[in-house]
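Protein chains in written order, with the numbering used here: chain F, 1 to 296; chain D, 297 to 591. By construction, the Cβ of each residue, glycine as well, lies at the ideal position given by its N, Cα and C atoms. See below for the structure under consideration.
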Amino acid sequence: MANNVKKHIDISNFKNILFDCDGVLWHGQKVHNGAVETINRIRAMGKRVLFVTNNSSNARFDYFHKIAVLGFKPVDETDVFCSAHSAALLITKAWKPDSKVFVVGTMAMGHALELLGRKWTGVKPEASLSDYDTSPRNIAANTTDLDDKIDFVLVGLDHNLSYRRLIKAATYLANPDCRLIATNRDQRLVIDQGDRCLTIPGTGVIVRAVEEASGRVAELVGKPERIMFDEMVAEHGIDPSETLIVGDNLETDILFGKNCGITTVLVTSGCSTEEDIERLNIYPDYLLNDINDLLI
Amino acid sequence: KTTRKIDKALVDEIIRTTDNFLFDCDGVLWRGHGIIPGCSETVHKLIKMGKRVFYVTNNSSKTRAQVVEKCIKFGYPAQKENILGTAYSSAMYLQNIGFSGKLFMVGNPSMAEELDSVGIKYTGLGPDVLPEGHNSFDDMVHFQKEWTPDPEVTGVLVGMDVHLSYRKMIKAATYASNKDNLFLATNEDKAFPHEDHVVVPGTGSIVAAVKTPTRREPTIIGKPSSTMFDLLHETHDIDAKRSIMVGDSLHTDIAMASHCGMRSLLVLSGIDSVESIETVKKSSHPDSAQIPDYF
């Protein structure tokens, strides 16, 4: 068992606390019991509270709005770090004149690019297959709406993924100067309601399909990569030695913490369990039941 | 192992010691829609010499009858009995293990036809999308709240499916995540060999879309697994030591030959080149199964 992981934490020495959202603060649309009060008390202690999420389905403003509506009070949109925004920032930094992004993902990812003035295509369902489109080769031959300016293929949670989408992504990526960027690699969400147990594919699955189709490896923007932390440092000037991350996913949140040199807290209110610690060989500094245990 | 370049002396040695010639199709017999000059004459000569010829392809979008049609069109002598494709081989594999349940099939009409031939039940063929105008993010969330798996499904079979969709991926992942369900895939080839600038993604991308969230590896029917060779051995009693596999892909054709104890010949008319052999040798974990005997 995870014997060397501490089960109690004193947060007085941490000036900055980063919170993952899904599985920590809320579960879908439902706030985790007591989470709002806990966050308010932590703020009242004078600490800086930041929100960090891999979920590519919402833009920065959407999260700011959701966080506010659920009762948490972010001070500013700049307290929110999400993969759609970070991907748009990364692409902006590498922008070439006349460039375009092919988005295998959400409308929010497109909006995040637009906000920074970047042109993009994709997201909407591809042209549906006709009766003549019977074989992969036929369909490829009939895929004539290819754009010749694509310098980036950006992958997130694409509900409109199709074979035609893979044809386009792989064709753009046949150019070695076209970069393949992914918001995150979260693999799945399990909906377990006893008699009904569904496995919902995550963005990581879309990424793997594009990687196999193109023979390329994606550059990752989200946790566990430290890109979002570097943005926090740039925007808020935070010191890693005074910073804590609270997350429910060992492979993203806790590894992210280790990559950034900050203290890590795993809460078991979400996807990772205590048994996963030893199975995955990823040891957080602290193990708590949920966010409220930060103040015990 | 060193790969020897074919010369007249080697050809004579191979002819002397080989009864059965197994040919991959794409990149060996033809290239997409294009003929490879001289090859059909070679196959005719082998048959005249009394050799047995078999065509072994990972293509899951063709029934054996459809492969025969293409072979004949390109001038190769063929009948169903000397063809092995993954659509047929998957059906035979399932029949051999006595599969009696229902499959969720992420596949195509040819796979369906081969399953029908052996009376295996399946569901999932064709498009699976939310109706236009009702395909918003909220509609997808609603579908996830409403959909219940079919309790009759006891296995998942994945092959080339041009109607891949997120909704189908949810269903396939759900069925395949259940460890009591059989999980099979025809093959994991990355791309179809193609002539123009448009890439034709292979079945590997479809399989990745299904298997990734399940934390399971499907049983692979096609090359480099030995299943298709085992089927040939069963029906035609072929001796691996007197057989040679001729293919254009180190990862599938040559590796399968190694796994089955057959000799292998890499032809350079398709996917891999002499440099590809060097790349395999120099990699961090070299896979010796991919080194051909001849090229």
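Original post:
Is the stretch 406–413 of chain D close to the stretch 543–550 of chain D, with three or more CB pairs under 8 Å?
Top reply: The stretch 406–413 of chain D, when compared against the stretch 543–550 of chain D, does not touch it at the 8 Å Cβ threshold.
Subject >> 6 Å CB neighbourhood of leucine 390 of chain D in its chain, flanking five on each side removed >> reply: Taking the first residue of the second sequence as 1, we reach residue 390 of chain D at position 94. Counting only residues of its own chain and dropping the five nearest sequence neighbours on each side, leucine 390 of chain D has a CB closer than 6 Å to the CB of Ile416.
Subject >> Minimum length 3: unbroken beta strand (DSSP E) runs contained in the stretch 519–581 of chain D >> reply: 539–543, 559–562
**OP:** Compare the C-beta of lysine 577 of chain D with all C-beta atoms of chain F and state if any pair is closer than 7 Å.
**Re:** Position 281 of the second sequence, counted from the start, is the residue given in the question as residue 577 of chain D. It does not: the Cβ of lysine 577 of chain D has no partner Cβ on chain F nearer than 7 Å.
Original post:
Which residue from F:Arg208, F:Asn292, F:Glu235, F:Gly34 puts its Cα closest to that of leucine 89 of chain F?
Top reply: The residue given as residue 89 of chain F occupies position 89 in the first sequence. Distance check between leucine 89 of chain F and each of F:Arg208, F:Asn292, F:Glu235, F:Gly34 places F:Glu235 closest, using alpha-carbon atoms only.
**OP:** Only counting runs of 3 or more residues, tell me where the beta strand (DSSP E) segments fall wholly within the stretch 78–146 of chain F, in order along the chain.
**Re:** 80–82, 100–104, 120–122
Subject >> Per-residue contacts from phenylalanine 370 of chain D into chain F (C-beta, under 9 Å) >> reply: As a first step, residue 370 of chain D must be located in the second sequence, where it is residue number 74. By Cβ distance, chain F contributes nothing, its closest Cβ being about 15 Å from phenylalanine 370 of chain D, past 9 Å.
Original post:
In terms of residues, what are the limits of the alpha helix (DSSP H) holding asparagine 404 of chain D?
Top reply: Taking the second sequence and counting its residues from 1, one reaches residue 404 of chain D at position 108. Neither: asparagine 404 of chain D is in no alpha helix (DSSP H) and is coded neither H nor E.
**OP:** Would you kindly work out how many angstroms separate the C-alpha atoms of serine 86 of chain F and valine 221 of chain F, rounded to a whole number?
**Re:** Walking along the first sequence from the start, residue 86 of chain F turns up at place 86. Walking along the first sequence from the start, residue 221 of chain F turns up at place 221. Straight-line Cα distance between these residues: approximately 7 Å.
**OP:** Per DSSP, which residues does glutamate 219 of chain F bridge with? Please list them.
**Re:** Indexing the first sequence from 1 puts residue 219 of chain F at position 219. Beta-bridge pairing links glutamate 219 of chain F to F:Ile181.
Subject >> Of the listed residues D:Leu562, D:Lys537, D:Ser539, nearest to aspartate 549 of chain D (C-alpha basis) >> reply: Locating residue 549 of chain D in the second sequence gives position 253, counting from the first residue. When each option's Cα is compared against that of aspartate 549 of chain D, the closest is D:Leu562.
Subject >> Extent of the continuous alpha helix (DSSP H) to which lysine 168 of chain F belongs >> reply: As a working mapping, residue 168 of chain F is identified with position 168 in the first sequence. Where lysine 168 of chain F is concerned, the enclosing alpha helix (DSSP H) starts and stops at 163–173.
Original post:
With which residues is histidine 8 of chain F paired in a DSSP beta bridge?
Top reply: Against the first sequence, residue 8 of chain F aligns to sequence position 8. In DSSP, histidine 8 of chain F forms no bridge with anything.
Original post:
Looking at C-alpha atoms only, which residue of D:Met456, D:Pro445, D:Asn431 is the closest neighbour of isoleucine 139 of chain F?
Top reply: Residue mapping note: residue 139 of chain F aligns to position 139 of the first sequence, counting from 1. When each option's Cα is compared against that of isoleucine 139 of chain F, the closest is D:Met456.
Original post:
Near lysine 398 of chain D, which residues of its chain fall below 8 Å by C-beta distance, leaving aside the five closest residues on each side in sequence?
Top reply: On the second sequence, residue 398 of chain D is found 102 positions in, with the first residue counted as 1. Contacts found: Lys417, Tyr418, Thr419, Asp446, Glu448, Val449, Thr450, Gly451.
Original post:
Does the Cβ of alanine 94 of chain F have 16 or more other Cβ atoms within 10 Å, making it buried, or fewer, making it exposed?
Top reply: Against the first sequence, residue 94 of chain F aligns to sequence position 94. Exposed, since its Cβ has fewer than 16 Cβ neighbours within 10 Å.
Subject >> Through-space distance from lysine 119 of chain F to lysine 96 of chain F, alpha-carbon basis >> reply: As a working mapping, residue 96 of chain F is identified with position 96 in the first sequence. As a working mapping, residue 119 of chain F is identified with position 119 in the first sequence. Cα to Cα, lysine 96 of chain F sits roughly 11 Å from lysine 119 of chain F.
Subject >> Range covered by the beta strand (DSSP E) that runs through leucine 189 of chain F >> reply: The count along the first sequence starts at 1 and reaches residue 189 of chain F at position 189. Residues 188–192.
Subject >> Close beta carbons around isoleucine 254 of chain F, own chain, < 7 Å, minus the five adjacent residues each side >> reply: The sequence position of residue 254 of chain F within the first sequence is 254, counting from 1. Non-local C-beta neighbours of isoleucine 254 of chain F in its own chain, meaning closer than 7 Å and more than five positions away in sequence, comprise Gly247, Thr264, Leu266, Ile282, Pro284, ordered along the chain.
Original post:
Is there at least one Cβ from chain D nearer than 7 Å to glutamine 187 of chain F's Cβ?
Top reply: Counting from 1 along the first sequence, the entry for residue 187 of chain F is found at position 187. Judged by the 7 Å Cβ criterion, glutamine 187 of chain F is in contact with chain D.
Original post:
In chain order, what residues of the stretch 105–134 of chain F put their CB closer than 9 Å to some CB of chain D?
Top reply: Going along the stretch 105–134 of chain F in chain order, one finds Thr106, Met107, Pro125, Ser128, Leu129, Asp133, Thr134 with a Cβ nearer than 9 Å to chain D.
Subject >> Closer than 9 Å at the beta carbon, the chain F residues around histidine 340 of chain D >> reply: Translated into positions along the second sequence, residue 340 of chain D becomes position 44. Under the 9 Å cutoff, chain F gives no residues; its nearest Cβ is about 27 Å from histidine 340 of chain D.
**OP:** Say whether chain D places a C-beta atom closer than 7 Å to the C-beta of glycine 270 of chain F.
**Re:** Within the first sequence, residue 270 of chain F is the residue found at index 270, counting from 1. Glycine 270 of chain F does not count as touching chain D.
Subject >> Neighbour list for glutamine 391 of chain D in chain F, Cβ cutoff strictly below 7 Å >> reply: Looking up residue 391 of chain D in the second sequence gives position 95. Correct list: empty, because the minimum Cβ distance to chain F is about 26 Å.
Subject >> Residue-level contact to chain F via CB, phenylalanine 488 of chain D, 7 Å cutoff >> reply: Translated into positions along the second sequence, residue 488 of chain D becomes position 192. Yes, because at least one Cβ of chain F sits closer than 7 Å to the Cβ of phenylalanine 488 of chain D.
Subject >> leucine 250 of chain F to aspartate 62 of chain F span [Cα, whole Å] >> reply: Counting from 1 along the first sequence, the entry for residue 250 of chain F is found at position 250. Counting from 1 along the first sequence, the entry for residue 62 of chain F is found at position 62. When rounded, the distance between both Cα atoms is 26 Å.
**OP:** Answer with buried or exposed for methionine 407 of chain D, where buried requires no fewer than 16 other C-beta atoms within 10 angstroms of its C-beta.
**Re:** Your numbering for residue 407 of chain D matches position 111 in the second sequence. It counts as buried.
**OP:** For valine 205 of chain F, decide whether its Cβ has a neighbour in chain D, counting only Cβ atoms nearer than 7 Å.
**Re:** Looking up residue 205 of chain F in the first sequence gives position 205. Residue-level contact by beta carbon holds for valine 205 of chain F and chain D, with a gap shorter than 7 Å.
Original post:
Does the distance from the C-beta atom of serine 83 of chain F to that of asparagine 184 of chain F stay below 7 Å?
Top reply: On the first sequence, position 83 is the one that residue 83 of chain F refers to. On the first sequence, position 184 is the one that residue 184 of chain F refers to. It is a contact, given that the beta carbons lie within the stated cut-off.
Original post:
At least one CB of chain F closer than 7 Å to the CB of valine 444 of chain D: is that the case?
Top reply: Reading the second sequence from its first residue, position 148 is the one you call residue 444 of chain D. According to the sequence as given, residue 444 of chain D is threonine; it is not valine. With 7 Å as the cut-off, threonine 444 of chain D counts as an interface residue toward chain F.
Original post:
In three-state terms, what does DSSP make of valine 339 of chain D?
Top reply: The residue given as residue 339 of chain D occupies position 43 in the second sequence. DSSP places valine 339 of chain D in helix when its eight states are reduced to three.
Original post:
Exposed or buried, which one is glutamate 37 of chain F when buried takes at least 16 other CB atoms within 10 Å?
Top reply: Mapped onto the first sequence, residue 37 of chain F falls at position 37. The residue in question, glutamate 37 of chain F, is exposed, as its Cβ has fewer than 16 Cβ neighbours within 10 Å.
**OP:** Check whether the Cβ atoms of alanine 169 of chain F and valine 153 of chain F sit closer than 7 Å, and answer yes or no.
**Re:** Position 169 of the first sequence, counting from 1, holds the residue named residue 169 of chain F. Position 153 of the first sequence, counting from 1, holds the residue named residue 153 of chain F. Yes, the Cβ-Cβ distance between alanine 169 of chain F and valine 153 of chain F is below 7 Å.
Original post:
Can you name the residues that DSSP bridges to lysine 417 of chain D?
Top reply: As a first step, residue 417 of chain D is located in the second sequence; it is residue number 121 there, counting from the start. According to DSSP, which records beta bridges pairwise, lysine 417 of chain D is partnered with D:Lys398.
**OP:** Could you tell me whether any Cβ in chain D is nearer than 7 Å to the Cβ of glycine 156 of chain F?
**Re:** By 1-based counting over the first sequence, the position of residue 156 of chain F is 156. No, because no Cβ of chain D sits closer than 7 Å to the Cβ of glycine 156 of chain F.
**OP:** Report yes or no: do the stretch 97–111 of chain F and the stretch 149–164 of chain F share at least 3 C-beta pairs separated by less than 8 Å?
**Re:** A contact exists between the stretch 97–111 of chain F and the stretch 149–164 of chain F.
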